[in-house]
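So the structure is just underneath, and the comments pick up after that.
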Amino acid sequence: MNENYNDELDIVTLTDEDGIEYEYEIIGSVEYEGNLYFALVPAEDKVIEEYLILKSVPCEDENAFSDLIYIDDQEEFEGVAAIFDSMLNEEIE
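So, in structure tokens, the structure goes:
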């Protein structure tokens, strides 16, 4: 997935493999086992019911920030999700 960052609003535009663009708001980031992960929600959502977790990996294009990819490893995903769940639940309380 490709992305463009809007630092002021914490909005990224993700482009899927079909070239369709989607805007997401970054609601959190965390480092886990040496990697950076982002929690995102669709930018138009007013209530956060669920969120997307993507892993940041180096981009081949040196002018881009990074690529954001889905997490394939279930154990890795569960570890990162537990951190985000805890972090986001603290913000709600």
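Per this note's numbering, residue 36 is the first one in the sequence shown, and the count goes up by one each step. Don't be surprised by glycine CBs; every beta carbon is placed ideally from N, CA and C.
Our contact map puts residue i next to residue j with C-beta atoms below 8 Å; I'd like the distance itself, whole angstroms only.
i: V76; j: Y59; result: 6 Å
i: A78; j: G63; result: Not quite, the Cβ-Cβ distance comes to about 15 Å (not below 8 Å), so this is no contact.
i: I104; j: V92; result: 6 Å
i: V115; j: Y57; result: In fact, because the Cβ distance is near 21 Å, the residues do not count as touching under 8 Å.
Determine the closest residue to residue i out of the options, with distance taken between C-alpha atoms.
i: D80; options: K90, E110, D53 and I61; result: I61
i: L89; options: I55, E97, E66 and M122; result: E66
i: E111; options: D45, L49 and N70; result: N70
According to DSSP, residue i sits in a beta bridge with which residue or residues?
i: F73; result: S64 and L89
i: I104; result: K90
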